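Worksheet for the structure shown next.
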């Protein structure tokens with residue numbers, strides 16, 4: 001599955017009233033940053049979607065988190081000081 005902006009928008013949502021407006025996986029209260037932190041700590045996608053972590057998620061949900069993070073970084077402007 002190719003993660004394009006439409007696919008990301010279907011899987012990643014922001015609601016002012018849920019998780020203080022933090023981006024989360026649609027249909028859950030799981031913030032994207034938790035998934036990214038698990039990946040950064042060395043957990044695999046299979047680990048994350050297992051019963052030990054978030055069995056309600058799919059591989060595509062985790063990939064959407066990565067795509068969302070990539071989109072943010074790609075569109076960020078950094079001005080060196």
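Numbering (this note's numbering), first residue to last: 1 to 81. Note that the Cβ used here is the ideal one computed from N, Cα and C, for glycine as well. Since the model is a prediction, treat every value here as computed from it, not as a measurement.
- Exclusion of the five residues before and after residue 12 leaves 23, 64, 68 as the residues of its chain whose Cβ lies within less than 6 Å of its Cβ.
- For residue 37, the enclosing alpha helix (DSSP H) starts and ends at 32-40.
- Counted as a single uninterrupted DSSP element, the stretch harbouring residue 29 is not any alpha helix (DSSP H), since DSSP gives it neither H nor E.
- In the DSSP assignment, residue 60 falls within the unbroken alpha helix (DSSP H) covering 59-74.
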